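Peer 1: This is the structure I want to talk about, given as structure tokens.
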Amino acid sequence: MLSFIARRLLIAIPTIILVSIFVFTLQKLLPGDPILVLAGEERDPVVIAALREKYRLNDPLPLQYIAWAWQALHGNLGISLRTNAPVLDLIAEKLPVTLQLAAMAMTFALLIGIPAGVMAAVRKGTAWDYAATGIALWGLSIPNFFLGIMLIFLVSVQFNWLPASGYVSLTESVSQNLRTMIMPAFVLGNALAASMMRHTRSAMLGVLRQDYIRTARAKGLLEPRVILRHALRNALVPVVTVGTLLFGELLAGAVLTEQIFTIPGFGKLIVDAVFNRDYAVVQGVVLCTAIGYIGLNLLADVLYVVLNPRLRTG
Amino acid sequence: MTLALDTASPAAAAPRSRFWGKLLRNRTAAFGGGLVVLFALAAILGPWVLPWDPVQTSWSAVRKAPSAAHWFGTDELGRDVLARVLSGARASLLAGVVSVSIAIAIGGPLGIAAGYFGGWTDSIISRCTEALLACPFLILAIALGSVLGASLVNAMIAIGIAAAPLFIRLTRGQTLAVKTEDFVEGARAVGLPHRWIIIRYILPNIFAPILVQATLIVAQAIIAEASLSFLGLGQQPPAPSWGAMLNTGKNFVQQGQWWMSVFPGVAIFFTVLGFNLLGDGLRDALDPRES
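Going down the list, the protein sequences come from chains S and C. Sequential numbering of the first sequence, starting at 57, is according to the working numbering. Sequential numbering of the second sequence, starting at 697, is according to the working numbering.
Below, the structure is given as structure tokens:
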């Protein structure tokens, strides 16, 4: 098992290097010269030359990349032009908010997607199946920013059940935090629930055709036991791995959800950075998201082996 | 080679008619296709048929609820929402089709090269694809959009580049499967040049899965364009786009003025639903296991 993880880690290294090259190139393609911004309004040629020397911008591009990557490896992703704070600190400050949102969204997705998928597979071809499949299609087709706006209109404006926007941190008040996060989490989890439902249905249909399910039924086991203990346990193996990969998609989805509900998370950080031309932050967020996504890929591979005993012994 | 050429035309006719038969019998796919055609017609004909100009402001008709005079109401500048929704269809459908065409133009040749030539070509292209796939689609599109600048054309380019890795992976896999077929081996054995083998034998056989994937990715691209426009990185005012309309509309939802958000949102939903249903139908119709 350890050698498998080590092998996967080794495979991930070139991908991370390529991602870092891509992010570095992105910075080089940006319009405008950041040194001119740093040099101030006077734009003294001596200052500009000194700054170019300081930031090694006169070096060839490969050397610039190596210097940048070395700094990034040591946790230095640069300084935000807008706030003057280190990019890594900004990310560390915003990431927990988005992770909480993503975790709550994933909970919604699991609570809705898996039971609906099981029900659709067990009652294939019935009204249950069509209803679940239809709801999944609805979930995949509705943009989360539109769903968010509609929920604000219904839940906050019409019925006044939950606040329309704003954020209260967990340390300030748990109940207020949940009140502000529940609607964004539902919006973010909606498309994921649809994907989970589709994967669970497909995996369950595959498992329900297996001989051991027929044997379990022939032994006279009760149907709920056959479904939950024998079928679902095996069907969940691919669903768990897919769910791990989809967790990465939540980070991207959070960009819009946080924008609508004014949640100060990772997604809002990148949007604000784009509009303030705070490229170091854009670069840092893209790099961290990609590395997180590669990590989730690795976790999905490991989980697949851990959950599948045949692969473990093989 | 002669055999392959001979079988291409007559044998293809039967599966083609079977494919269309299966597709048209699939009611959900037909419904999806109908939605796509409807929105395409609305995009093409809408601005000619409607009496309202989508960018014409009217200070006497600001934020009016739907009525006989303005079926979908008016926005914060008194512009007709129906005219803007129909005009926005043009931007959204154009963005969906153009960005997917860009993605295929980049991803198709690279995927075929990786799958057909293998070796170092495959290693380099595959590693770069994995690196790009490691960045979530929307984050990558936002990052590219910020580099290129805010406009509809740049949003299309950004979405096209962000979606290209999906086509590289698909065409590579399909090419790998097709290149081991006897007719490709035969073409190689008689010494046909690679270019000719790819154009004559590989491309026609990987076209169907690319078409299915393209239809499904058009749906994602429409959402991505609406997302970028919602964030201000796509279509710029006063030109209408569904995402930008939703962004403006959200500011008035809390005052109970729902029509500015509901109609563009519903338009996005039905267009995306149409492409998703059509894509699913195409996949089923091309799947030999489906009866």
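Don't be surprised by glycine CBs; every beta carbon is placed ideally from N, CA and C. Quick caveat, the model's predicted, so the values are computed rather than measured.
(1) Which ranges does the alpha helix (DSSP H) cover as unbroken runs of at least 4 residues, wholly within the segment 774–825 of chain C, from first to last along the chain?
(2) As a quick exercise: from C:E772, C:G717, C:L888, C:L912, pick the residue whose alpha carbon is nearest that of L196 (chain S).
(3) Determine the chain S residues that contact N972 (chain C) at a beta-carbon separation under 9 Å, and present them in chain order.
(4) Below 7 Å on C-beta distance, what does G131 (chain S) contact in chain C?
(5) Nearest chain S C-beta to I919 (chain C) closer than 8 Å, yes or no?
(6) Is the beta carbon of G807 (chain C) sitting closer than 8 Å to the one on I895 (chain C)?
(7) Whole angstroms are fine: how far does the CA of V880 (chain C) sit from the CA of G887 (chain C)?
(8) Which class does P142 (chain S) belong to by DSSP, given the choice of helix, strand or coil?
(9) Taking C-beta pairs closer than 8 Å, name the residues in chain C that Q315 (chain S) reaches, listed in chain order.
(10) Taking the CB atoms as reference points, tell me whether M941 (chain C) and G841 (chain C) lie closer together than 8 Å.
(11) Below 8 Å on C-beta distance, what does Y349 (chain S) contact in chain C?
(12) For H890 (chain C), count the other beta carbons within 10 Å of its own beta carbon; 16 or more makes it buried, fewer makes it exposed. Which is it?
(13) Could you work out which residues of chain S lie near W816 (chain C), taking near to mean beta carbons separated by less than 8 Å?
(14) Put T770 (chain C) into one of helix, strand or coil per three-state DSSP.
(15) Below 8 Å, how does it come out for the segment 904–923 of chain C and the segment 947–958 of chain C: are there three or more Cβ pairs, yes or no?
(16) Given a limit of 9 Å on CB to CB distance, which residues of the segment 951–966 of chain C reach chain S?
(17) Leaving aside the five residues before and after H255 (chain S) along the sequence, list all residues of the same chain whose C-beta is less than 6 Å from its C-beta, in chain order.
(18) Using DSSP's beta-bridge definition, name the partner residues of I135 (chain S).
(19) So if I threshold CB-CB distances at 8 Å, which residues from the segment 159–187 of chain S count as touching chain C?
(20) Helix, strand or coil: how does DSSP classify Q214 (chain S) here?
(21) Give me the residue from S:P118, S:A241, S:T81 with the minimum Cα distance to M160 (chain S).
(22) Smallest Cα separation from S756 (chain C): which of C:F926, C:D776, C:W767, C:P743?
(23) Compare the C-beta of T703 (chain C) against all C-beta atoms of chain S and say whether one is closer than 8 Å.
(24) Along chain C, in chain order, which residues have C-beta atoms closer than 8 Å to that of P70 (chain S)?
(25) Any beta-carbon of chain C closer than 8 Å to the one on G321 (chain S)?
(26) Using 10 angstroms around the beta-carbon of T81 (chain S), count the other beta-carbons present and answer buried if the total reaches 16, otherwise exposed.
(27) Judging by CA-CA distance, which residue of S:S251, S:K84, S:G245, S:L133 is the nearest neighbour of D145 (chain S)?
(28) Beta carbons nearer than 8 Å to chain C: which residues of the segment 283–316 of chain S have them?
(29) Tell me whether the beta-carbon of A827 (chain C) lies closer than 8 Å to the beta-carbon of F78 (chain S).
(30) Measure the alpha-carbon distance for E305 (chain S) versus L151 (chain S) and round it to whole angstroms.
(31) Give the interface partners of A220 (chain S) over in chain C, defined as CB-CB distance under 9 Å, in chain order.
(32) With a threshold of 16 other CB atoms inside 10 Å of the CB of Q214 (chain S), please say whether the residue is buried or exposed.
(33) Within a Cβ cutoff of 6 Å, which residues of the same chain sit near Q339 (chain S), ignoring the five residues on either side of it in sequence?
(34) Using a Cβ-Cβ cut-off of 8 Å, state whether K946 (chain C) counts as contacting chain S.
(35) Quick one: what does DSSP say N364 (chain S) is sitting in, helix, strand or coil?
(36) Tell me, to the nearest whole angstrom, how far the beta carbon of G190 (chain S) is from that of V243 (chain S); I am working on the premise that it is less than 8 Å.
Peer 2: With the given structure in hand:
(1) 777–813
(2) The count along the first sequence starts at 1 and reaches residue 196 (chain S) at position 140. Looking at the Cα atoms, C:L912 is the closest of the given residues.
(3) Here residue 972 (chain C) refers to the residue found at position 276 when the second sequence is read from its first residue. Simply L193, L196, S197.
(4) Taking the first residue of the first sequence as position 1, residue 131 (chain S) is located at position 75. Here the premise fails: no neighbours, minimum Cβ distance about 20 Å.
(5) As a first step, residue 919 (chain C) must be located in the second sequence, where it is residue number 223. True, the Cβ-Cβ gap to chain S drops below 8 Å.
(6) In the second sequence, counting from the first residue as 1, residue 807 (chain C) sits at position 111. In the second sequence, counting from the first residue as 1, residue 895 (chain C) sits at position 199. Result no, Cβ atoms of G807 (chain C) and I895 (chain C) do not sit closer than 8 Å.
(7) Position 191 of the second sequence, counting from 1, holds the residue named residue 887 (chain C). Position 184 of the second sequence, counting from 1, holds the residue named residue 880 (chain C). The straight-line gap from Cα to Cα measures roughly 11 Å.
(8) For the purposes of this step, residue 142 (chain S) is identified with residue 86 of the first sequence, where counting begins at 1. Note: P142 (chain S) maps to strand in three-state DSSP.
(9) Against the first sequence, residue 315 (chain S) aligns to sequence position 259. Ordered by position in chain C, the residues that pass the 8 Å Cβ test against Q315 (chain S) are F926, L927.
(10) Reading the second sequence from its first residue, position 245 is the one you call residue 941 (chain C). Reading the second sequence from its first residue, position 145 is the one you call residue 841 (chain C). Not in contact: M941 (chain C) and G841 (chain C) (Cβ atoms no closer than 8 Å).
(11) As a working note, residue 349 (chain S) is residue 293 in the first sequence. Those are A830, C831, P832, listed as they occur along chain C.
(12) Here residue 890 (chain C) corresponds to residue number 194 of the second sequence, with the count starting at 1. Exposed.
(13) Reading the second sequence from its first residue, position 120 is the one you call residue 816 (chain C). None at all; the shortest Cβ gap to chain S is about 14 Å.
(14) What you label residue 770 (chain C) is simply residue 74 of the second sequence in a count that begins at 1. Strand at T770 (chain C).
(15) no
(16) Q951, G952, W954, S957, V958, P960, G961, V962, I964, F965, F966
(17) On the first sequence, position 199 is the one that residue 255 (chain S) refers to. For H255 (chain S), where only same-chain residues beyond five positions count, the Cβ hits under 6 Å are V295, V298.
(18) For the purposes of this step, residue 135 (chain S) is identified with residue 79 of the first sequence, where counting begins at 1. For I135 (chain S), which the question treats as bridged, DSSP gives the partners S:P142.
(19) none
(20) Translated into the one-based positions of the first sequence, residue 214 (chain S) becomes position 158. Three-state result, Q214 (chain S): helix.
(21) Start at 1 with the first residue of the first sequence, and residue 160 (chain S) comes out as number 104. Cα-wise, what sits closest to M160 (chain S) is S:A241.
(22) Numbered from 1 along the second sequence, position 60 holds the residue referred to as residue 756 (chain C). Taking only the C-alpha atoms, the option nearest S756 (chain C) is C:D776.
(23) Looking up residue 703 (chain C) in the second sequence gives position 7. Residue confidence is low: T703 (chain C) scores 41 on pLDDT, short of 50, so the model does not pin down where it sits. Its coordinate-derived value is still stated next. Not one chain S Cβ lies under 8 Å of T703 (chain C).
(24) In the first sequence, residue 70 (chain S) corresponds to position 14, counting from 1. By Cβ distance, chain C contributes R823.
(25) In the first sequence, counting from the first residue as 1, residue 321 (chain S) sits at position 265. False, the Cβ-Cβ gap to chain C never drops below 8 Å.
(26) Stepping through the first sequence from its first residue, residue 81 (chain S) is reached at position 25. Label assigned to T81 (chain S): exposed.
(27) Taking the first residue of the first sequence as position 1, residue 145 (chain S) is located at position 89. Ranking S:S251, S:K84, S:G245, S:L133 by Cα distance to D145 (chain S) puts S:L133 first.
(28) G304, E305, L307, A308, G309, V311, L312, Q315, I316
(29) Here residue 827 (chain C) corresponds to residue number 131 of the second sequence, with the count starting at 1. Here residue 78 (chain S) corresponds to residue number 22 of the first sequence, with the count starting at 1. Yes, the pair counts as a contact, with Cβ atoms nearer than the cut-off.
(30) Within the first sequence, numbered from 1, the residue matching residue 305 (chain S) stands at position 249. Within the first sequence, numbered from 1, the residue matching residue 151 (chain S) stands at position 95. Looking at the two C-alpha atoms, the distance is approximately 15 Å.
(31) In the first sequence, the residue the question calls residue 220 (chain S) occupies position 164. What A220 (chain S) touches in chain C: V949, Q950.
(32) Here residue 214 (chain S) refers to the residue found at position 158 when the first sequence is read from its first residue. Looking at its Cβ environment, which holds fewer than 16 other Cβ atoms inside 10 Å, Q214 (chain S) is exposed.
(33) On the first sequence, residue 339 (chain S) is found 283 positions in, with the first residue counted as 1. Answer for Q339 (chain S): V79, Q83, listed in chain order.
(34) For the purposes of this step, residue 946 (chain C) is identified with residue 250 of the second sequence, where counting begins at 1. At least one chain S Cβ lies under 8 Å of K946 (chain C).
(35) Here residue 364 (chain S) is taken as the residue at index 308 of the first sequence, counted from 1. Here N364 (chain S) sits in coil by DSSP.
(36) The residue labelled residue 190 (chain S) in the question sits at position 134 within the first sequence. The residue labelled residue 243 (chain S) in the question sits at position 187 within the first sequence. Incorrect: roughly 19 Å between the Cβ atoms, too far for contact.
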